[in-house]
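Enquirer:
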Amino acid sequence: MQPTLQILTKAIQDSWSAETAYNANNWSRENKARGQCVVSSLVVQDYFGGDLIRYEISEGALRETHYMNRLDDGTIIDTTNSQYRSPVGMRLKPTALGDFTSLREKRLDDKSTADRYTLLKKRVSIHLSGE
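When the letters of the sequence shown are read in order and numbered with the numbering used here, they come out as residues 2 to 132.
#1: For T76, tell me which candidate among S29, Q46 and R105 has the shortest Cα-Cα distance.
#2: I'd like to know whether the C-beta atoms of L109 and T96 end up nearer to each other than 9 Å.
#3: Compare the C-alpha of I8 against each of R35, F101 and F49 and name the closest.
#4: Pick from W28, V40 and A12: whose alpha carbon is nearest that of D113?
#5: Is the beta carbon of G90 sitting closer than 9 Å to the one on I58?
#6: Between the beta-carbon of Q14 and the beta-carbon of T119, is there less than 9 Å?
Structure below.
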């Protein structure tokens, strides 16, 4: 059965850890969403389809990319926006795909991202099954 977005978001958030974060050294229990955007967006895409979208964050000294989802109906889903303590400036950052057919394929070509995604996806699946 397809989970609601609310149930899926909770399962994703409950499954985060330093192991699923982009940089384990920046992750903390106080900011569990830190570094989880790309893997979380990939899991959301597994359940709800749509596109991964990439933004550039530029706020003071903070310079990084941020991923979220755009569903086929145009709805934007950002399961990790809580990592930012206050609203931050974002602008859409198109990604050159090269030989890849999608942003998803390009992100999963990176072994670290693929491993973190696989771990998060497994944890979310277990959470949703109630095990």
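All C-beta atoms, glycine included, are put in the ideal place defined by N, C-alpha and C.
Expert: So, to answer that:
#1: Q46
#2: no
#3: F49
#4: The sequence shown places Ser at residue 113, rather than the Asp named in the question. Looking at the Cα atoms, V40 is the closest of the given residues.
#5: yes
#6: no
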